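Participant: Here the protein sequences line up with chains S and Y, keeping their order.
The first sequence begins at 1249 in the working numbering and counts up one residue at a time.
The second sequence begins at 1249 in the working numbering and counts up one residue at a time.
2 protein chains.
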Amino acid sequence: MAKATEPRRMPKREYEARVPALREALIQLQVALQPAPFAVLLVIAGDDASGKGEVVNVLNGWLDPRGVETFAFHDVTDEERERPPMWRYWRSLPPRGRMAIYAGGWHADVIASDPQRPRELAHLRETLRHLAHFEGLLAADGALIVKVWLRLSKAAQRTRLHELEENPDTAWRVSPEDWKHHRNYERRARLAEKVRRATHRPASPWHIVDAADVRTRNVAVADLLLARFQAHLQTHGRPPAPVKPRRVTSLHPAGLRRLRRLRLDQHLSEAEYELKRDKWLGRLNRAVREAADRGRSIVWVFEGWDAAGKGGAIRRLTSAIDARDYRVIPIAKPTDEEKAHHYLWRFWRHVPRAGRVTIYDRSWYGRVLVERLEGFCRPDEWQRAYAEINDFEAQLTEHGSIVLKFWLHLSKAEQLRRFRHREETAYKRHKINAEDWRNRRQWEAYEVAVGDMLALTQRAHAPWHLVPADNKRFARLQILKLSCHQIDAALAAR
Amino acid sequence: MAKATEPRRMPKREYEARVPALREALIQLQVALQPAPFAVLLVIAGDDASGKGEVVNVLNGWLDPRGVETFAFHDVTDEERERPPMWRYWRSLPPRGRMAIYAGGWHADVIASDPQRPRELAHLRETLRHLAHFEGLLAADGALIVKVWLRLSKAAQRTRLHELEENPDTAWRVSPEDWKHHRNYERRARLAEKVRRATHRPASPWHIVDAADVRTRNVAVADLLLARFQAHLQTHGRPPAPVKPRRVTSLHPAGLRRLRRLRLDQHLSEAEYELKRDKWLGRLNRAVREAADRGRSIVWVFEGWDAAGKGGAIRRLTSAIDARDYRVIPIAKPTDEEKAHHYLWRFWRHVPRAGRVTIYDRSWYGRVLVERLEGFCRPDEWQRAYAEINDFEAQLTEHGSIVLKFWLHLSKAEQLRRFRHREETAYKRHKINAEDWRNRRQWEAYEVAVGDMLALTQRAHAPWHLVPADNKRFARLQILKLSCHQIDAALAAR
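(1) Can you find the residues in the same chain that come closer than 6 angstroms, C-beta to C-beta, to PRO1490/Y, ignoring five residues on each side of it along the sequence?
(2) Give the DSSP-derived three-state secondary structure of TRP1553/Y in the structure shown.
(3) Could you work out which residues of chain Y lie near ARG1525/S, taking near to mean beta carbons separated by less than 8 angstroms?
(4) Leaving aside the five residues before and after ALA1419/Y along the sequence, list all residues of the same chain whose C-beta is less than 7 angstroms from its C-beta, in chain order.
(5) Note down, in chain order, every chain S residue with its Cβ under 8 angstroms from the Cβ of ARG1575/Y.
(6) Starting from the beta carbon of ASP1312/S, find every residue of chain Y whose beta carbon is closer than 8 angstroms, and list them in chain order.
(7) So the candidates are GLU1646/Y, LEU1372/Y, SER1361/Y and HIS1500/Y; which of them puts its Cα closest to the Cα of VAL1696/Y?
(8) Which two residues bound the contiguous beta strand (DSSP E) that contains ALA1588/S?
(9) ASP1389/S: which of HIS1590/S, TRP1685/S and ILE1735/S sits nearest, CA to CA?
(10) Got a sec, what are the start and stop residues for the alpha helix (DSSP H) ALA1738/Y sits in?
(11) Write down the C-beta distance between ALA1468/S and VAL1457/S rounded to the nearest angstrom, noting that I regard them as a contact closer than 8 angstroms.
(12) Who are the neighbours of HIS1678/S on chain Y, taking C-beta pairs under 7 angstroms?
(13) Ordered along the chain, which non-local residues of its own chain (more than five positions away) have a Cβ less than 6 angstroms from that of ILE1637/Y?
(14) Alpha carbon to alpha carbon, what distance is there between GLU1374/Y and ARG1444/Y?
(15) Check the Cβ-Cβ distances between PRO1229/Y and every residue of chain S, and say whether any is below 7 angstroms.
(16) Which residues, in order along the region 1261 to 1276 of chain S, keep a beta-carbon less than 8 angstroms from a beta-carbon of chain Y?
(17) If we count the other Cβ atoms within 10 Å of its Cβ and call it buried at 16 or more, is THR1566/Y buried or exposed?
(18) Please list, in chain order, all residues of the same chain as HIS1647/Y whose beta carbon is under 6 angstroms from its beta carbon, the five residues on each side excluded.
(19) Would you mind giving the Cβ-Cβ distance between SER1649/Y and ILE1569/Y, rounded to the nearest angstrom? I have them listed as a contact below 8 angstroms.
(20) Could you give the residue range of the alpha helix (DSSP H) that holds TYR1263/Y?
(21) How big is the Cα-Cα spacing for PRO1285/Y and ARG1271/Y?
(22) Return helix, strand or coil for ASP1609/Y, following the three-state DSSP convention.
(23) I'd like to know whether the C-beta of ARG1544/S is nearer than 7 angstroms to at least one C-beta of chain Y.
(24) Taking the DSSP output, what are the residues bridged to LYS1653/S?
(25) Where TYR1337/S and TRP1354/S are concerned, what is the direct C-alpha to C-alpha distance, given to the nearest angstrom?
(26) For chain S, is any of its Cβ atoms less than 7 angstroms away from the one on ALA1287/Y?
(27) Please compile the residues from chain S whose C-beta is within a distance smaller than 8 angstroms of the C-beta of ALA1351/Y.
(28) Report the three-state DSSP secondary structure of GLU1330/Y (helix, strand or coil).
(29) For PRO1600/Y, which residues in the same chain have their Cβ closer than 6 angstroms to its Cβ, ignoring the five residues on either side in sequence?
(30) Leaving out five residues on either side along the sequence, give the residues of the same chain with a beta carbon under 6 angstroms from the beta carbon of ARG1257/S.
(31) Could you check if LEU1277/Y is buried or exposed, using at least 16 other CB atoms within 10 Å of its CB as the buried criterion?
(32) With respect to the alpha helix (DSSP H) encompassing HIS1455/S, which residues constitute its N-terminal and C-terminal limits?
(33) Going straight from the alpha carbon of ALA1580/Y to that of ASN1533/Y, what length do you get?
(34) For the region 1350 to 1366 of chain Y and the region 1291 to 1300 of chain Y, state whether three or more C-beta atom pairs, one from each stretch, are separated by less than 8 angstroms.
(35) Would you say ASN1681/Y reaches chain S, if we count a Cβ-Cβ gap shorter than 7 angstroms as a contact?
(36) Please list, in chain order, the chain S residues whose beta carbon lies closer than 9 angstroms to that of GLU1327/Y.
This is the structure:
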């Protein structure tokens, strides 16, 4: 962690002489940022009364407001409360080429808390782990994260509070709460230190800036931003382009073995299916309603070979759910807004509210399947995606969401039969194209990627269900049954 | 309004014989819709217990869930409550090529209300006007709006409620409220009739479907959707392409006269500016805080000639506002998500919450300026935009938002001077390009368009402020003063 600079008063004349060059440099930063392949996230956190809001205002005055947006996370809205805590931060992320300033950062909530009891301390640890993960994931994606901590000694804090109270224009900013915080200065400082330590990483370090002198503080923050930006532009201005891999090697062969062990010859007759279907649809309907009553949301993930019957399975499933409560999110090519963000951003967008259901038809697993195999991302990117995905799903389940993941498995022969059938059927022809045939030629490579996915993202709280899908009826009934079982178990568990 | 069909029971066999063809036709509709230049909005409204939810579920089972999304507007979230009522409907709109089903439609809230007192009745009238306007605006933009009213007689309603209560699987769906509604059948039917009449338009008519027989009802709704879609595809499948106008004629010369009367030689010395600036920044700070305390949001709109100093003016303005409370939305080329929606959608997106501020750097007025002159939209489109814009702003002000609109006016000579200065200054060069020079050559045409804009969108609740901007200091101080006056006046008025 950078050491606090010695407190020193900057004379007004010196300040006024320096500001024009700083402003010009900041504007130039924004011009250089626009075409850059990364976003800038500037966190202004600090001790009470250290002037976080003032610094944000000063920077906003110096920057071109058209390329920067400011966020402060005060009151949690009910739309936010009904989703995992990190959702509100994900939705605020700027696209590449733009800057966001976070007053208080995503750290403000934790720092405002006063954890004492073991349960609160455990919650703190968990939150800090999510925050560190969040920053790590954005930094790995190229984002420049500049985190400033405005440091104010207890004595300086007292002086500042008195100054604010004496000026009628600023007196409103000092509340009894502030004085209470002042009395608890040491305890709050220790908590802040803990938060900083837990989220201090090479790619997202904390910079301590002494806030005793307002002008020194302002200049220091701007200097810091400029220096970090210049360095970042050199290292991240032109990331290496991904290339399509020539060979695909398994990272964890256990998954492939599991996949190959799956018996694909399982069958269900029409009569048997009709007999059982309605019973399971009824059970699913009750399970989903029960989850909704308890404010639990449900996330279904459907992955599988082309033509494995994901669409049909989703249709059966949704026939048991009130149409007002679910959304199906088909994952096709990302929109340009989505492309300008971290690949998980587009999935965070659609995370359901309490009691609601989101069904992803293909999902974030595209990162370790098609993107891995087609070379749409670099090896380091898809390799770290397993951990990123596990964390994402863990956030969902910790929040209380029920995450159901299905891989619809098909034999190569059955896929061929279905492709031909689609080509021959007028209203199915739109469902098959050259890409499907191209993917089919890479069957073995896909098998390896699917196997790695199964092995590396199999978790107790979000298990993979492998469904033999050569027989559509069998697959559909399996999905209904497995869904009911998992939802019932999740509801019984808490 | 289409007449209700005679109630008739459809035998199960007949139904089962018809459904496969209906399903195929619906899937084909979705295939044909994908590349079409319009969205489909299907509203399923109706009398209590007429089976709105059931119909939505049936349709969702028949359609490919990947191309359709369902919305029901139950509980207003606080994020919705803090914005004009239509915001929640705007944010639900599907892009072109996709379909949305609205259970209850945007009409559900009004129909659930039971307006009695004069104030409530006035509110009802206003709401109905907004709903009709909303539908009209979407229809004019090409959307296919299919509105179904499921009709159930009082006797049939009683039978249905009893049936639901007797089946243990559906008993939960009947509440004491439902029986209360049943007793008030006639009054509720009159209100529904009123709502339908007020929102019945050639492009968005209500279709009455008898809901006494479930199977007849389901088939009738699907048939209706298919028929309307086929007809719509013929008329709206290929809208005429806009062409760049050869001549630009004023619609309302009063605006141009107002523009030309503006004295551009007004000046302010540096010393005078510095003397007054801080006073007005302080006043603005207080006015904005006062507005926030009262839950009023503020929308600033900045329009003006290229190089008129919009960015600098915004920077001065925002230096007086807590950076956590405002957002600057620079309007450049729309993203592809924005392009796939009505042109007002991208502005509705950023409407501020209670107590917050949005500053639009260029705005929806692009529709009647650059889009009109460059032929980015057809004459009928920009010509109706004046009314659409007036309604949009009226919704903001009725909700309590304060709307401040500024046109920064420049002489042609001063613009030339600034263009040259930008070209000569290293860190300003990015702000000038060939397009700016091209726009400049069309100065007279732009003057006409600006004049029309001023004349046709000048409203008491959202007036245009014309600011002479040849002298930057004068312009900036004017903007501060006028903003303070308008905010103070708006706060005094209620």
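For glycine and all other residues, C-beta sits at the position ideal for the given N, C-alpha and C.
This one's a predicted model, so the numbers in the text were calculated from it and none came from an experiment.
Facilitator: Once the coordinates are examined:
(1) Annotation for PRO1490/Y: GLY1623, CYS1625 and ARG1626 place their beta carbon closer than 6 angstroms to its own, counting only its chain and skipping 5 residues before and after.
(2) Coil at TRP1553/Y, not helix or strand.
(3) Here the premise fails: no neighbours, minimum Cβ distance about 13 angstroms.
(4) Once the five neighbours on either side are set aside, the close Cβ partners of ALA1419/Y are LEU1412 and GLU1413.
(5) GLU1317 and THR1318
(6) Within 8 angstroms Cβ-Cβ: GLY1559 and ARG1563.
(7) HIS1500/Y
(8) Counting along the chain, ALA1588/S falls outside any beta strand (DSSP E), and DSSP gives it neither H nor E.
(9) HIS1590/S
(10) 1720 to 1741
(11) 5 angstroms
(12) VAL1279
(13) TRP1612 and THR1705
(14) 14 angstroms
(15) Since the displayed chain Y opens at 1249 and closes at 1742, residue 1229/Y lies outside it and no answer follows.
(16) GLU1272, ILE1275 and GLN1276
(17) buried
(18) Here the set comprises PRO1332.
(19) The Cβ separation is near 15 angstroms, so there is no contact.
(20) 1260 to 1281
(21) 23 angstroms
(22) strand
(23) Cβ-Cβ to chain Y under 7 angstroms: no for ARG1544/S.
(24) VAL1549/S and TRP1712/S
(25) 7 angstroms
(26) no
(27) ALA1571 and ARG1572
(28) coil
(29) SER1545 and THR1606
(30) ASP1461, listed in sequence order.
(31) Buried, because 16 or more other Cβ atoms sit within 10 Å of the Cβ of LEU1277/Y.
(32) Looking at the DSSP string, HIS1455/S is not in any alpha helix (DSSP H); the run it does join, the beta strand (DSSP E), is 1454 to 1458.
(33) 28 angstroms
(34) yes
(35) For ASN1681/Y, the answer is no, since every Cβ of chain S falls outside 7 angstroms of its Cβ.
(36) THR1325, ASP1326, GLU1327 and GLU1328
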